[in-house]
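*Asks:* Take this structure first; my questions come after.
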Amino acid sequence: MGEASTKDKADTRTAAQIEADIARTRTKLASTLDELAVRVHPSTVAAQVKAKAVASVEQKAGRAYVAASGAVEKAKAQFTDEKGRPRKERIVPAALVGVGVVLLLASARKRRRG
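First residue of the sequence shown? That's 66 in the working numbering, and the numbers climb one at a time after it.
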């Protein structure tokens with residue numbers, strides 16, 4: 066009986082109601098097509114690709130920063146005690162090695178010129 070009553074209602078629609086339904090459907094379809102056109106437009110696609118690339122680079126840069134920060138903290142821990150005071154027994158040898166490397170490089174450079 067439900068099928069018959071639905072059919073009766075469909076048969077009793079006026080031409081104006083049908084035209085109004087068609088107009089609503091056309092408007093909805095036009096809106097959907099406009100939205101699809103924007104989604105597949107080259108500038109939209111390019112902007113999405115660019116945004117993904119930027120996000121990826123920022124994520125990798127963030128990870129690199131965290132890793133570098135951890136490395137700096139580890140190196141700092143090698144030259145300071147628990148209270149943050151410098152450990153002279155580790156700083157002096159490292160400084161001497163640094164000075165030795167600089168002198169070695171300067172000597173090699175001087176030999177190339179002369």
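All residues carry an ideal CB built from backbone N, CA and C; glycine is no exception.
#1: Alpha carbon to alpha carbon, how far is Ala-140 from Pro-151? Give it in angstroms, no decimals.
#2: Can the beta-carbon of Thr-109 be found closer than 8 Å to that of Val-103?
#3: If you draw a straight line from the C-alpha of Ile-87 to the C-alpha of Ala-112, how long is it?
#4: Mind checking who Pro-151 pairs with in its DSSP beta bridge?
#5: What would DSSP say about Thr-79, mapped onto helix, strand or coil?
*Replies:* In this structure, then:
#1: In this structure, the straight-line span from the alpha carbon of Pro-151 to that of Ala-140 is close to 12 Å.
#2: Between Thr-109 and Val-103, the C-beta spacing is below 8 Å.
#3: Approximately 36 Å between the Cα atoms of the pair.
#4: DSSP links Pro-151 through a beta bridge to Thr-145.
#5: It is coil, neither helix nor strand.
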